[in-house]
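Student: This is the structure I have questions about; it appears just below.
Protein chains: 2
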Amino acid sequence: MKLKDLGEFNFINRISKSIRASSQVVKGIGDDAAVLKYTKDKHLLFTTDMIIEGKHFYKSAKAELVGKKSLSCNISDIAAMGGVPKFAVISVGFPGSLDLKYADKLYKGIRKVANSFKVDLVGGDTVNSGKIIINIALIGEVEKKNLVLRSGAKEDDAIFITGNIGGSIKFKHLNFTPRIKEARFLVNNFKINSMTDISDGLLADLGHILDESYKGAIICEKTIPVSRNASGFDSAVRDGEDFELVFTLPWPQADRLEKTWPFTTRLSRIGRIINRRKGFSIVNKSGKSKKINPTGFTHF
Amino acid sequence: MKLKDLGEFNFINRISKSIRASSQVVKGIGDDAAVLKYTKDKHLLFTTDMIIEGKHFYKSAKAELVGKKSLSCNISDIAAMGGVPKFAVISVGFPGSLDLKYADKLYKGIRKVANSFKVDLVGGDTVNSGKIIINIALIGEVEKKNLVLRSGAKEDDAIFITGNIGGSIKFKHLNFTPRIKEARFLVNNFKINSMTDISDGLLADLGHILDESYKGAIICEKTIPVSRNASGFDSAVRDGEDFELVFTLPWPQADRLEKTWPFTTRLSRIGRIINRRKGFSIVNKSGKSKKINPTGFTHF
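Going down the list, the sequences are from chains X and Z.
So for the first sequence, our numbering puts the first residue at 1; every next one is plus one.
So for the second sequence, our numbering puts the first residue at 1001; every next one is plus one.
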């Protein structure tokens, strides 16, 4: 059997099952970042992302943007847990024939993001490879009271997303701002029951929250803001790499959230968490309800 | 200018110069692992290593050994700081056409090493790539009093190495035991002034200690144990990926170390730290002293 026949998510499930964790692990594989015991009031967060030329970006893309993406997608994982990013190590695979200017610009992009989010770049590894590869691992921290998992959604929670959805492949996937300040505002001022970042597509990532929380959901097409770069609603909700947040909080807090939201980043209430038995469905523009099969982007 | 014209170490120096670190970073780029502030008595350690098919291993190598190597080389970095490994995240790039059995065996190798060193595997990333790529990032910890840097070598320190040197390419680079228990014995019982693991070759890695400590050294050919897999002494001291330890401690402690060493792993006193002005030289078997140019394996 080949990996592509099994599929990425089945493969990850297969691996995860064989791995046990010590009591120092609060949450291991299966969320945006691992959660590790740290101090009396705080947890450590730990995440990693690999991007490869020809898969996550093309050689023709601006090196500085590739560098920005490589760190930003990790920071987005920390945002999704309610935390703040702290320390990064960077592994790069470069062809020996790579122009030094390209490498310098790529690191410039990483440094810009690091400076803007106060991330210390503390180490790395450099290897020779045919294609450009960048792997960043990031340590963050979060106050115990502010930690948000995918698994905490409750019935009658309101479902919100930040930003516009879809069409990220055209440009945004290389040039986005991880939603740290939005996430920190949320966890500091509201009871955020569940959250994840939108990397596999809205339906797939909301699907992860529903699976981990053992809940259902009903969402409403007309409330979901689609990017002008998307080729229609149906693809927008399945497009990957939006790097926006999808989160849930108790319905009674939703009005206050909308009234006090201080950012220019768009905020949209797109639906409600319901009983698992009622499934996952969407109400389209003509008011008809339809079951959702929440598959998104898969790597194999 | 191309990367290969500049060389790996010059490139890393170039990047490092442009990076500043906050006060939470005890030691950033330039040692085996980064050292980060943690608790009253302990520091966090943070390291990462990337290995790629065709560069660090061939597809014909046993998948389980490739998995073992991918985690063991990170653990070796933590050993070199005097610490213990704790939490790992694993990024893999696999071709979709890869046989599931290969992937399973690779993870089996990682799990075996993780279990044997009590490392929790807490997360990762899975991407599609043409060649097999494995990047592991590892968090460790070390008591502040046990931390060893490359930069602490002192004049008249004795220089020791563990194991035999050279010829690792034949087999050992895929199947070695990181020297955690040896390193922990050393830091718990002796004043280890400097230490690093031998990944670029004995001369290059001892050279790193000398540069970071601003010291010289004299080493003695007849005291350096060469592996039977090496093709002679001159190549053995430049071969990479031994994953042994080279360390220094005050000369008066050297006899006690040799007498109390409790392991079957070989221990060899190979020389002495001297004044920087006296340089780095080796006494060959006929008693002649020769200056060393400490270059080792470089990736570009």
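Beta carbons are placed, not taken as given, at the ideal position from N, Cα and C, and that holds for glycine.
Because the structure is a prediction, the values reported are computed rather than measured.
Using a 10 Å radius around the Cβ and a threshold of 16 neighbouring Cβ atoms, would you call ARG266 (chain X) buried or exposed?
Tutor: Looking at its Cβ environment, which holds fewer than 16 other Cβ atoms inside 10 Å, ARG266 (chain X) is exposed.
Student: For GLY166 (chain X) and ILE29 (chain X), what's the separation of their Cα atoms in angstroms?
Tutor: Computed Cα separation, rounded: 27 angstroms.
Student: Mark ASN284 (chain X) as exposed unless 16 or more other C-beta atoms lie within 10 angstroms of its C-beta, in which case mark it buried.
Tutor: Per the 10 Å Cβ criterion, exposed.
Student: DSSP three-state call for VAL142 (chain X): helix, strand or coil?
Tutor: Strand at VAL142 (chain X).
Student: According to DSSP, is ILE1075 (chain Z) part of a helix, a strand, or is it coil?
Tutor: The answer is helix: DSSP assigns ILE1075 (chain Z) an H, G or I state.
Student: I want to see whether chain Z comes within less than 9 angstroms of ASP120 (chain X), judged by CB atoms only; does it?
Tutor: Judged by the 9 angstroms Cβ criterion, ASP120 (chain X) is in contact with chain Z.
Student: Mind checking the stretch 195 to 215 of chain X against chain Z and listing, in chain order, the residues whose C-beta falls within less than 7 angstroms of any C-beta there?
Tutor: Listed by position, the residues of the stretch 195 to 215 of chain X near chain Z (Cβ gap below 7 angstroms) amount to none.
Student: What residues in its chain sit with their C-beta under 8 angstroms from that of ARG14 (chain X), if we drop five residues either side in the sequence?
Tutor: Excluding positions up to five away in sequence, the list reads LEU6.
Student: Chain X beta carbons: is any one of them nearer than 9 angstroms to that of HIS1056 (chain Z)?
Tutor: Chain X, which has a Cβ nearer than 9 angstroms to the Cβ of HIS1056 (chain Z), makes this yes.
Student: Mind checking whether ILE1090 (chain Z) and GLY1123 (chain Z) have CB atoms under 9 angstroms apart?
Tutor: Cβ atoms of ILE1090 (chain Z) and GLY1123 (chain Z): closer than 9 angstroms.
Student: Less than 9 angstroms separating the beta-carbons of PHE185 (chain X) and PHE247 (chain X)?
Tutor: No, Cβ-Cβ distance for PHE185 (chain X) and PHE247 (chain X) is not below 9 angstroms.
Student: Mind listing which residues of the stretch 233 to 258 of chain X have their C-beta closer than 9 angstroms to chain Z's C-betas, in chain order?
Tutor: Flagged: no residues at all.
Student: Which word fits THR39 (chain X), buried or exposed, when buried means at least 16 other C-beta atoms lie within 10 angstroms of its C-beta?
Tutor: Exposed, since its Cβ has fewer than 16 Cβ neighbours within 10 Å.
Student: One question on the structure: do THR1196 (chain Z) and ILE1180 (chain Z) come within less than 9 angstroms of each other, judged by their Cβ atoms?
Tutor: Not in contact: THR1196 (chain Z) and ILE1180 (chain Z) (Cβ atoms no closer than 9 angstroms).
Student: Looking at GLY93 (chain X): is its Cβ nearer than 9 angstroms to the Cβ of ILE133 (chain X)?
Tutor: Going by C-beta atoms, GLY93 (chain X) is nearer than 9 angstroms to ILE133 (chain X).
Student: Going by the CB atoms, is the gap between VAL1113 (chain Z) and SER1072 (chain Z) shorter than 9 angstroms?
Tutor: Yes, they are a contact pair.
Student: Cα-Cα, which of Z:ILE1224, Z:GLY1240, Z:GLY1216 is closest to ALA1204 (chain Z)?
Tutor: It is Z:GLY1240 whose Cα lies nearest to the Cα of ALA1204 (chain Z).
Student: Please report whether the beta-carbon of LYS360 (chain X) lies at a distance below 9 angstroms from any beta-carbon of chain Z.
Tutor: This structure gives no information on residue 360 (chain X), because the portion of chain X shown stretches from 1 to 300.
Student: Could one say the Cβ of LYS113 (chain X) lies closer than 9 angstroms to chain Z's Cβ atoms, at least one of them?
Tutor: A small fix is needed here, since residue 113 (chain X) is Val in this sequence, not Lys. So no, VAL113 (chain X) is outside the interface.
Student: State the Cα-Cα distance for the pair PHE1297 (chain Z) and ASP1200 (chain Z), rounded to the nearest angstrom.
Tutor: Note that PHE1297 (chain Z) scores 49 on pLDDT, short of 50, meaning its location in the model is unreliable; the coordinates nonetheless yield the value given after this. Rounded to whole angstroms, PHE1297 (chain Z) to ASP1200 (chain Z) spans 5 angstroms at the Cα level.
Student: Just the C-alpha distance for SER289 (chain X) and ARG272 (chain X), rounded to the nearest angstrom, thanks.
Tutor: Looking at the two C-alpha atoms, the distance is approximately 14 angstroms.
Student: Would you give the residue range spanned by the beta strand (DSSP E) that PHE1044 (chain Z) belongs to?
Tutor: Checking the sequence shown, residue 1044 (chain Z) turns out to be Leu, not Phe. Residues 1042 to 1052.
Student: Over what stretch of residues does the beta strand (DSSP E) that includes VAL1035 (chain Z) continue unbroken?
Tutor: Segment 1034 to 1037, the beta strand (DSSP E) holding VAL1035 (chain Z).
Student: On the CB-based measure, 16 or more other CB atoms within 10 Å of its CB, does TYR1102 (chain Z) come out buried or exposed?
Tutor: Looking at its Cβ environment, which holds 16 or more other Cβ atoms inside 10 Å, TYR1102 (chain Z) is buried.
Student: What residues are listed by DSSP as bridge partners for SER1151 (chain Z)?
Tutor: DSSP lists no partner for SER1151 (chain Z).
Student: Excluding sequence positions up to five away, which residues of its chain have a Cβ less than 6 angstroms from the Cβ of LYS1069 (chain Z)?
Tutor: LEU1174.
Student: Determine the direct distance from the alpha carbon of SER1194 (chain Z) to that of HIS56 (chain X), and round the result to whole angstroms.
Tutor: So the two alpha carbons sit approximately 41 angstroms from each other.
Student: Cβ atoms of ASP1157 (chain Z) and HIS1225 (chain Z): under 9 angstroms apart, would you say?
Tutor: The identity of residue 1225 (chain Z) in the sequence shown is Pro, whereas the question assumes His. Against a cut-off of 9 angstroms, the Cβ pair of ASP1157 (chain Z) and PRO1225 (chain Z) comes out as no contact.
Student: Put ILE1134 (chain Z) into one of helix, strand or coil per three-state DSSP.
Tutor: Three-state result, ILE1134 (chain Z): strand.
Student: Since I believe VAL187 (chain X) is in contact with ASN146 (chain X) (beta carbons under 8 angstroms), could you give me their beta-carbon distance rounded to a whole number of angstroms?
Tutor: Confirmed, Cβ separation roughly 4 angstroms.
Student: When the Cα atoms are used, what is the spatial distance from VAL1142 (chain Z) to HIS1043 (chain Z)?
Tutor: Their Cα atoms are separated by approximately 5 angstroms.
Student: May I ask which residues mark the beginning and end of the beta strand (DSSP E) holding PHE1280 (chain Z)?
Tutor: Counting along the chain, the beta strand (DSSP E) containing PHE1280 (chain Z) begins and ends at 1280 to 1283.
Student: Is there at least one Cβ from chain X nearer than 9 angstroms to ARG1014 (chain Z)'s Cβ?
Tutor: Taking Cβ atoms only, chain X reaches closer than 9 angstroms to ARG1014 (chain Z), which makes this a yes.
Student: Could you check which residue in Z:LYS1215, Z:GLU1008, Z:GLU1182, Z:ASP1234 has the C-alpha nearest to that of GLY1279 (chain Z)?
Tutor: When each option's Cα is compared against that of GLY1279 (chain Z), the closest is Z:LYS1215.
Student: Which of the residues in the stretch 1170 to 1198 of chain Z, read from start to end, lie with their CB under 7 angstroms from any CB of chain X?
Tutor: Within the stretch 1170 to 1198 of chain Z, no residue has a Cβ that lies closer than 7 angstroms to any Cβ of chain X.
Student: Per DSSP, ILE1219 (chain Z) forms a beta bridge with which residues?
Tutor: The partner list for ILE1219 (chain Z) (beta bridge, DSSP) reads Z:GLY1271, Z:ILE1282.
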